[in-house]
Every structure is written in structure tokens, then in C-alpha cells.
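Colleague: Mapped onto UniProt numbering, the consecutive letters of the sequence shown carry residue numbers 1 to 1032. Think of the CB as a built atom: it goes at the ideal place given N, C-alpha and C, for glycine as much as any other residue.
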Amino acid sequence: MRTRASLRTRGIVPPASVSPRGGMATAAPRTPFLSAAQWDLLQNMMNDSQIYMYLVCNVLEGEQENWLRTNWIYRSEAQRVFIELKFTVRDCNSFPSGGGSCKETFNLYYAESDVDYGTNFQKRQFKKIDTIAPDEITVQDDFTNRNVKLNVEVRSVGPLRKKGFYLAFQDLGACVALLSVRIYYKTCPAVLRGMAHFPETVAGADSQTLAEVRGSCVEDAVADEAPTLHCNADGEWLVPIGQCQCRAGYEAVGDQCQACPPGTFKAEVSPSGCQPCPAHTLRAPTAAAACPCEDGHFRAPTDPAAAPCTRPPSPPGSVTATGLGAAVQLRWSPPTDTGGRQDVTYSVTCEQCWPESGECRPCDGGIRYSQPPRGLAGTGVTVTDLEPHVNYTFTVEARNGVSSFSAHRSVATASISVNQTEPPRVTSVSLDGRTATSLVLSWTVPLRQQSRVWKYEVTYSKKVDENSYSVLRCEGASVTIPKLSPATAYVVRVQALTQDGHGTFSPEHEFETLPEGAESMASAAVISGSVTGVLFVLLLLAALIYVLRRRRSSRSRQSPEDVYFSKSADQLKPLKTYVDPHTYEDPNQAMLKFTTEISPSSITRQKVIGAGEFGEVYKGTLKRGKKEVPVAIKTLKVGYTEKQRVDFLSEASIMGQFCHHNIIRLEGVVSKYKPFMIITEYMENGALDKFLRDKDGEFCVIQLVGMLRGIAAGMKYLANMNYVHRDLAARNILVNSNLVCKVSDFGLSRVLEDDPEATYTTSGGKIPIRWTAPEAISYRKFTSASDVWSYGIVMWEVMSYGERPYWELSNHEVMKAINEGFRLPAPLDCPSAVYQLMMQCWQQERSRRPKFADVVSILDKLIRAPESLKTLADFDPRLLPHLCDVFAALHSLCCSASVPCFLQVCVLARFFCIFAFLHCSCSFALLHTLSRLCFVFCSFAFLHASFASLCCLRSVALLQALLHLCICALLIAILHSCMLLLRLCIFCTGFAFLHTLLHPCSLRLVFAVLYSCIAFAAFHSCLFGIFASVQF
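(1) What span of residues does the beta strand (DSSP E) with LYS623 cover, start to end?
(2) Should the segment 40-52 be called in touch with the segment 118-131, which here means at least 3 C-beta pairs below 8 Å?
(3) Where LEU592 and GLN495 are concerned, what is the direct C-alpha to C-alpha distance, given to the nearest angstrom?
(4) Looking at C-beta atoms only, is the number of pairs between the segment 834-849 and the segment 858-875 that lie closer than 8 Å three or more?
(5) Only counting the same chain, and skipping five residues up and downstream in sequence, which positions put a Cβ closer than 6 Å to that of ALA305?
(6) Determine the DSSP secondary structure at ARG829, reduced to helix, strand or coil.
(7) What residue range is occupied by the uninterrupted beta strand (DSSP E) comprising ARG146?
(8) Just tell me which of PHE594, LEU178, LEU666, THR783 has its CA closest to the CA of TRP39.
(9) Any idea what DSSP makes of ASN467, helix, strand or coil?
(10) GLY194 and GLN243 look like a contact to me (Cβ under 8 Å); what is the Cβ gap, rounded to whole Å?
(11) Sort out for me which residues DSSP pairs CYS257 with in a bridge.
(12) For the 8 Å Cβ check, are there 3 or more pairs between the segment 450-467 and the segment 479-493?
(13) Can you tell me the Cα-Cα spacing of VAL479 and ASP465, whole angstroms?
(14) For CYS353, which of helix, strand or coil comes out of DSSP?
(15) Under three-state DSSP, which class holds ALA133?
(16) Tell me whether the beta-carbon of CYS260 lies closer than 9 Å to the beta-carbon of GLY249.
(17) Report back the beta-carbon spacing between PRO278 and PRO312 to the nearest angstrom; my notes put them in contact at under 8 Å.
(18) Between the C-alpha atoms of SER403 and GLY365, what's the straight-line distance to the nearest angstrom?
(19) Any idea which residues DSSP pairs ALA489 with across the strands?
(20) Under a three-way DSSP split, which group does CYS835 fall into?
(21) What distance in whole Å lies between the Cβ atoms of LEU108 and ARG155, which are believed to be in contact at a cut-off of 8 Å?
(22) So within the segment 614-688, which uninterrupted alpha helix (DSSP H) runs reach at least 4 residues, ignoring any that extend past its ends?
(23) Please classify LEU869: does DSSP put it in a helix, a strand, or coil?
(24) Select from ARG368, THR336, SER810 the residue whose C-alpha is nearest the C-alpha of VAL411.
(25) Counting beta carbon pairs with one atom in the segment 708-723 and one in the segment 669-677, are three or more of them shorter than 8 Å?
(26) Looking at the strands, I want to know which residues DSSP matches up with ASP171.
(27) Report all residues from its chain with a CB closer than 6 Å to the CB of SER737; omit the five preceding and five following residues, and keep chain order.
(28) Put SER810 into one of helix, strand or coil per three-state DSSP.
(29) Can you tell which of SER430, GLY158, HIS660, ARG283 has the C-alpha that lies nearest to the C-alpha of GLU294?
(30) Are the Cβ atoms of VAL798 and PHE852 separated by less than 9 Å?
(31) Just mark ILE527 as buried or exposed, buried being the case when its beta carbon has 16 or more other beta carbons within 10 Å.
(32) Tell me whether GLN606 is buried or exposed, calling it buried when 16 or more other Cβ atoms sit within 10 Å of its Cβ.
(33) Step through the CB atoms of chain C and report whether any lies within less than 9 Å of the CB of ASN722.
(34) For TYR354 and PRO388, I'd like the C-alpha separation in whole angstroms.
(35) To the nearest angstrom, how far is it from the Cα of GLY802 to the Cα of LYS690?
(36) Do VAL328 and ILE416 come within 9 Å of each other at the CB atom, strictly closer than that value?
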């Protein structure tokens, strides 16, 4: 913190001349004050130093008003200035007879202006800053001992907006010596923090305002976003956000970035230091981001800069090829030198040569490998489907992550000649058609072996006589077997014939011919089936056209509201159930499953809009491709505990499971970088309770009910997901620019240490009493029914425009009232149907409360029938807070006042209660007359109380002057004592009747209240009569 002064900081310089108030005089340039004639400029010695002071001490001259004004002070860049005063005040008792009008304080004023008014002094231009009172007063003995008590007081004034200002000191009869006036303002000093320069910044005018200042990184340091500090009104830097880090090739030394010395490197922007070059690298130059590799050594793209350089492996050892008929098994051993890497793989290529022609070429795609031939991790593979009488050469190459950077290949080869192969084999036989006397068959052979097939041989026989069979040869892969018996089963086998011999038979297949006459029946069945299918398709098309026409006509008759609210419950019913993230051993698993990770580079934080349990909440933007969308950003504060981290991630995991128009939408999280962040959609109008208080009376009833409908729809979705909110309140409902209300804040399972509403503590945390159902308070039984109770309180908050539930009652009084059957009265201008729904939500038995689906249905009906909202609830709740205030004041005064004041309060309270009772029970036709009559009674009571209070004075002259008034007061007291008992009894009876109507459950208390009031009346009468007699 730094301060800058605009006046001298020690002493007061003397003026060249001073003029009386109203006159004109020219002061010397060094003179800081313009004084009235009563302020004297004196020279004195203090602590062996010569000082000047302004002194005024006219305490013996009656009423005083002496002014001392400074010259015009240029404000410069200050917004709030501080005034330090050093002064002495003399004790009034040190003057004869107490000094008459002596005071021991003086007043400090100021006035702003854009120009210097010179000696022109206008009292009306000045505004009072404060009354200055000394901590220590200089008494007579101090003057004798030359021990003057010096006082130092500091005051501030702001915000200042004009170019300059004046200060003025008003004396009203004190003996004051003004020794020093120092005027200064505060700045946050220029500072180097987190390798960022922050310039000197003038402190703000408001003590609650934080000025955001962006810093600039030191040389060779960078930051993803400019680091910021916040300057408060006391000149202190607070809330650091972001920091600079040294770029690649530089390390932090203090608050500066220093280049990495030769032989060391730093690969990335990070707070780490430089590292020595790894193995198989050359000596790095100054400020190196990586060390170059030696010749023959390389670094893979995935290798970190700190990893040593490596080289390709040596060839694999002892490659062998073993023939297995038409297959070859290849084997080899690992290379003797892996190049310093563990990611060694193998690739196998094949070349085939024909001995007759000597022609060689790569193997075609007909051969098959037991494993993919590239990227083999093992040291063996089997090759099949090889051609006979062909020489094969297999090449095995060893590779690792840097082989692609070297022109040299690490290979080994093995050759083998294949002389015989596996004969072709028919793999499957299928029935393509049949009649009573024939079968149509087809089969398949592997594509590679088809060229070697000469003919096919089909062997078939009757199933009942397998000893006799027939053979049929064909050239194609299909055949028709004729001259068969009807309705007979045949066993069929097929084999391929080659130039080298016969192949193996296919498995036996059984087929049966049709019975005689079955062809005509089959034809008739085909025809009838075709006709039936066509008729069915036509019928289906007709039904579809009918349904589409009905739907189009019904839509044309529906209003936009009906279309919006006509969605069925099945459409809104979620397809999944809420999963508690606390059931996971690692909360990161739940977060990865239910949330989307967002890169911090796509997030821009703009300004602080609030502070939550975990840290600050910012407004910012999220970049999606070329589009930026506004978002709200929750951050996890520095120095968080493990529990706070788990709760923070759990809240994100909970939000990520919800997808509904009236539930706050989670955009994603940042969990791989610090600070941790939760990104949600941005709600322009903020919390519902504050929004309604700011917009009091600006919405119609249908808009308020629409908001309630949105909240109920969101809670219905949560209830269907089996999620219990536990903290449903207007402060946890957010409103966007389209007045859409969305449920938020899904973290009540945490301990609400900073929530002022959560003041009732149980073993599981703190509970917001005013919004929580009775069974949840008493037994911590949270269900969807307890959320319905909270929703009823939210309804009351919305209809009362954000008023505090249960007003100023304490939490203990709220719990007691609810258990005794008290419910919040209807807000002003609240529709009767809406208040009835509130009362249903506040049923003591939770099983009798409506479901959220029922609430949505009821509100939909009210919105579709606006005329049902015109009937208002008839109870006016404004009377209750006033009566509570009156009885609270009565209790306070009765406990502390004197006897006359006590009697005065009793009279006033009696007449006020009579007036309140008449105001509640009389018809509107008699209200005006009765009110005027009660005000007459109150005026008489005030006069009577005034006489009683004046009698408390012990001045003999005053008692003689008011003797006749005391006699009148005695007569009035006697009459009043006779009538008081009767009036109070009548009042108590009427009040008890009213109380019984409002609270039937409290009928047993009526008689106790009545007896207490009668006793109170008798006691009042006795005291009043005794006091009047004593005064007389």
C-alpha cells in the first residue's frame, strides 16, 4: 500500500493574511486555510520543534459557529481521500461554571468543485463528513504540567468526481487546537508477482470494489491468458488469477526467466527447471528446448525430450521355415540389439518363384497368415494356402519406433519349396429347389482352390437304403438330380476331382423331395400369399393416411400453449436412473463416465460474478469451433482439501447425468489442469429470488405461474431419475434471458459451512430450515415428498416476489410453528388456486402431498384456463408482521422503562390492540368511523401519558406551575381505573375469539390468555392509582 499526500503532512503553515467570513482577502501561496476571525493562527513549541496551529477557544461567549476552510485542493487521480487530523481539545470543566455552551467536539465538512472559488465561502455547498471527538481531553492539570494530550483521527470521503475539493472545520463552542492536517489517497504499489509486472494502481472509491488489473509477463515468460490481480480500497493486492511461466529453453530464477546453460534444456512451458541432456545426444546450445541426437540415433515423435536418443534394432536371428504340407511355419529369434527401445515389432513379406520360368514376384493375396504379417509382437507365424511346385522366400524385418528415420533395414530371410498341397474340399451344400422327382443343389469351394478343380462328383442314395447309391458328375458347382421318388429323403455327398486325384467328400446332407401334387398346391399358396400381402400393404397405407390427416387437423385446432404443454409423461420420462457418484471408489471414474473434458485453451474467463463454497464463479466464453458461447465457470479454490475436491467432482458427475430444459446444463469440466473448473450454461438473470426482488410487481400472474411450471417440470424429471435435491429454494433456481427457470446447485450432501440459512445442524450436515420438510428436519428423511414441501416454499417466494419465508422468525420459532400447524399465509394478490396448491405441498403427512407430475398437471390446467387465476386468496398477511413488531416493542419497553413510561406503554398498547381487532373484524362500511374513534382514544392516551411523564421531573418550579394539571390527571386516572378492567375484558374476549378462528388447535390457550389479561388489567389499575396519589 502506498499513499500520496496533497497537503503538508506535518504542522500548518502560517497565512500572510486572514479575512473574516464574508470579507475578501488574498492569502499567501503557502497558506492552506481560509479562516473566520475566531480561528487564530498561533506559533508554539512542541517536542522542541516550532509548529503552527489554528486555535479557537470562545467558550465563554455564548453560542458559537466558527468556520475554518482549506484552500482548493486538486484531486488528481484519487477517488477516495483520507484526512488525518492531529488536534487537542480542552476539558470544559476547566472553565468557570463549565464554560456555558462549551463543547468538546467539532465537525468536519467537505465540498467538491471543478474551479477554485477563492475566498468566496458558502456553507450550503458543504457536506458533513463526521463529528470529530477526541480520545483524550486536556484537563487543567495537564496545562500546569505542560502535558498536552494530542489526538489523531482519520476519516475518509469518496467517491470524488470533480477536479478538486475543499475541507472545512466547524466549531460550535469547543476549545480546539488544530495542529496538523494530512490529506492523502491510497494506491496499490507496482509489484512483480508470479513473473508478471503489475503497475501502480489507484485504490477504488468503494470499500467493496475490487479493481481488476492485468499484468504483463517478464521477458521470456508467457501465459495462456494475462494474469490478473485485484486492488482493493485499502491499497492491497488480492485474488491473484493466472501466472506467467518461462517458455521452452528458459527457467525461473526468482521472478525472472534465465536461459538454460549449454548442455541443458527445457522442452516446454512449465515451472520446472532446465535438465541435463540425456544419453546419445550432443551438447545443446544456450536456451535449448531439446538436445540434438548423435549420428545414427533418433528420437521418435512420441518420445519426450528428456528421453535418450535410440537407434533401429539389429536383424532378427536364425529365421527357419518348416513345411507342413500346404502350409509353412516360420520361426525366428529376437535381435541381439534392440537399439535401446522396448517397442520392437516384426514384419513378414513373401516372394514366390516358379522353377520352370525362373520368374519371381511378390506373393498374391491368396495366401493366408495366422496373424497379421505387420506389427507382429511374437517370434513366429504360420502361412497357409500355398501353391504347389513353387519356391517361396520369406523376409522377416525387425523394427522399432525409430526405424522409419533410418535408410538401413534390419532383415533376415528363409526359403522353402512346396511340392504338395491340400486337395480342394467342398465346404457346404445347399438346396436351391425341389419337385416331386428332382432336387436342385449347389455348393462352394475356396476361391483359391477353384482353379485346380476339374469336375465334381455327386453321390446320392435313399436314406432308407444307403447300400445302393448313384453317382453323377458335373463341371459346375451346381447340379439337378432327376428321376427321384416323390416324398423320399436322400443323402447327398459332393467331392472335387483334380488332375492329381480326388478331393475329400463334403459332410453328408439330407434332402427330401416333394409329395405328388404339391407343386399345384405350392403355386396356389404363392398366389394367395401374394394377394394377401398386397391387400395388407394397401390397408396399412390407408390407416397411415387417416392417422396423418387426424393429427394435422388436431394440430390446427390447438393453440401454441396447448402444443407446448401437451407432451405426455412418457415423452419426458428418462431412460436411465441417477447414479450416485459417491458409490465409486474413485470419483474420477464417475466424472470420466458422465462428463466431457474441455481443454482450458477453449475457455476464456471474463469477470467474477460470485463466489461459492469451492471458489470463485466467473462469466466467460467457451469456443466451439468458430463460435463462442457464454458460460458460467465454477473454479476450485487454491489450497482445497481432499473432501472439497471429491465434492467438487461429484457435483459435476451429478449434473452430467441430467438432460432437461429446466435443469442447468453442464457443458463440461476441466480436471486435467489446475484450477479445476465446472463449465455450465450462462443464465443472464441470475438467481430467482434476487431477480424477483429487483423486478417487484413487473410480471403478471400468468408469467409467475409459468415460472413455477418450469421449476416443477425440472423437479418432475429429477424425481423420475430417483434424485432427491434436498436444497430446493428460489436462490438455487437460475433464470435466463427468456425467463426460463432452471434447477441448479446439486451439492447439498456437502457440509454447508458458509450458508447463513443452514443453521440447524444434525449428524449429516446442515439443513436450510425454512425450506425443509418437518420429517427431513427431525429424522433426516429426504425423499421426493420432502422436495415437494420445498417446492411449496418456492411457490410462496415467487408469488411474494422473493420475500423471505417466515420473515424475521428465528429457525427455532419456525420449527415450532410448523409442528403446531402454522403455515405461511397467502402472499398479496396470490390466486386462490395457487395458494391451495401450496397448502397441498405443505401437508404434514408426506404421503398426502402431490407428486411433481400432479403439480405439473395442475399448473398446466391453470395456464390453459387463465380465468381461474382471477380469484384471489382473501387473507392479508401484512397484518402479522406489524402485530409481531408491536408486541416485541411492548415487551422491550416494559422491561426497561420507568413506572410512568410503563403505564404510558400499557395505555398505547391497549388502544392499538383494540384498533387492530376492530380493523380485522369490522365490515368495510364501519371501518372509517371506527378508525377515527380509535385515533381519538389514542390522542387522549398520549395527553394522559405526557402528564404522567412530566410528573417525573423534580423541579419545584415546574411542579407548582403544573399543579392544576396533576389534579386533572388524578381525576382522569380514577375514571380510567374504573373503566380499564371492563374494556380489557371485552378486548381479551374478542381477541381470544379471533385467535381461536385463526388457530383452532390453540383453543386450550384461550382461557389462560384471558386470565392473564384480567390480572394484568388489575395490576395496571393499582399501579396507576398509587402513582397518581404519590404525584398529587
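Modeller: Looking at the atomic coordinates:
(1) Taking the sequence shown and counting its residues from 1, one reaches residue 623 at position 623. Start and end: 616-624.
(2) no
(3) Stepping through the sequence shown from its first residue, residue 592 is reached at position 592. Stepping through the sequence shown from its first residue, residue 495 is reached at position 495. Roughly 58 Å separates the two Cα atoms.
(4) yes
(5) Indexing the sequence shown from 1 puts residue 305 at position 305. Closer than 6 Å at Cβ, skipping near neighbours: ALA267, ALA290.
(6) In the sequence shown, counting from the first residue as 1, residue 829 sits at position 829. The sequence shown places Asp at residue 829, not Arg. Three-state DSSP puts ASP829 in coil, outside helix and strand.
(7) For the purposes of this step, residue 146 is taken as the residue at position 146 of the sequence shown. From DSSP, ARG146 is part of no beta strand (DSSP E); its letter is neither H nor E.
(8) Residue 39 sits at position 39 when you count from the first residue of the sequence shown. Of the listed residues, the one whose Cα sits closest to TRP39 is LEU178.
(9) Along the sequence shown, one-based indexing puts residue 467 at 467. Three-state DSSP puts ASN467 in a strand.
(10) Working through the sequence shown from its first residue, we reach residue 194 at position 194. Working through the sequence shown from its first residue, we reach residue 243 at position 243. GLY194 to GLN243, Cβ: 4 Å. Contact.
(11) Position 257 of the sequence shown holds residue 257. Answer is ALA252.
(12) yes
(13) As a first step, residue 479 is located in the sequence shown; it is residue number 479 there, counting from the start. As a first step, residue 465 is located in the sequence shown; it is residue number 465 there, counting from the start. Taking the straight line joining both Cα atoms gives about 22 Å.
(14) The residue you call residue 353 lines up with position 353 of the sequence shown. Note: CYS353 maps to strand in three-state DSSP.
(15) The count along the sequence shown starts at 1 and reaches residue 133 at position 133. If DSSP states are grouped into helix, strand and coil, ALA133 belongs with coil.
(16) For the purposes of this step, residue 260 is identified with residue 260 of the sequence shown, where counting begins at 1. For the purposes of this step, residue 249 is identified with residue 249 of the sequence shown, where counting begins at 1. Yes.
(17) Here residue 278 refers to the residue found at position 278 when the sequence shown is read from its first residue. Here residue 312 refers to the residue found at position 312 when the sequence shown is read from its first residue. Between PRO312 and PRO278 the Cβ distance is about 18 Å, and since that is not below 8 Å, they are no contact.
(18) For the purposes of this step, residue 403 is taken as residue 403 along the sequence shown, with counting starting at 1. For the purposes of this step, residue 365 is taken as residue 365 along the sequence shown, with counting starting at 1. Cα to Cα, SER403 sits roughly 26 Å from GLY365.
(19) Within the sequence shown, numbered from 1, the residue matching residue 489 stands at position 489. According to DSSP, which records beta bridges pairwise, ALA489 is partnered with GLU512.
(20) Taking the first residue of the sequence shown as 1, we reach residue 835 at position 835. It should be noted that the sequence gives Tyr, not Cys, for residue 835. In this structure, TYR835 counts as helix in the three-state DSSP scheme.
(21) Taking the first residue of the sequence shown as position 1, residue 155 is located at position 155. Taking the first residue of the sequence shown as position 1, residue 108 is located at position 108. About 6 Å; that satisfies the 8 Å criterion.
(22) 642-655
(23) Position 869 of the sequence shown holds residue 869. Looking at LEU869 - three-state DSSP - the assignment turns out to be helix.
(24) As a working note, residue 411 is residue 411 in the sequence shown. The candidate whose alpha carbon is nearest that of VAL411 is THR336.
(25) no
(26) For the purposes of this step, residue 171 is taken as residue 171 along the sequence shown, with counting starting at 1. Answer by DSSP bridge pairing, in chain order: ASN66.
(27) Numbered from 1 along the sequence shown, position 737 holds the residue referred to as residue 737. Around SER737: GLU684.
(28) Counting from 1 along the sequence shown, the entry for residue 810 is found at position 810. Correct three-state label for SER810: coil.
(29) Position 294 of the sequence shown, counted from the first residue, corresponds to residue 294. For GLU294, the nearest C-alpha among the options comes from ARG283.
(30) As a first step, residue 798 must be located in the sequence shown, where it is residue number 798. As a first step, residue 852 must be located in the sequence shown, where it is residue number 852. No, these two residues do not count as a Cβ contact at 9 Å.
(31) On the sequence shown, position 527 is the one that residue 527 refers to. The residue is exposed, with fewer than 16 neighbouring Cβ atoms inside 10 Å.
(32) Here residue 606 corresponds to residue number 606 of the sequence shown, with the count starting at 1. Under this definition GLN606 is an exposed residue.
(33) Annotation note: the requested chain C is absent from the structure, which comprises a single protein chain.
(34) Against the sequence shown, residue 354 aligns to sequence position 354. Against the sequence shown, residue 388 aligns to sequence position 388. The sequence shown places Trp at residue 354, rather than the Tyr named in the question. TRP354 and PRO388: Cα-Cα distance of roughly 10 Å.
(35) Counting from 1 along the sequence shown, the entry for residue 802 is found at position 802. Counting from 1 along the sequence shown, the entry for residue 690 is found at position 690. Cα to Cα, GLY802 sits roughly 7 Å from LYS690.
(36) Within the sequence shown, numbered from 1, the residue matching residue 416 stands at position 416. Within the sequence shown, numbered from 1, the residue matching residue 328 stands at position 328. Closer than 9 Å, so yes.
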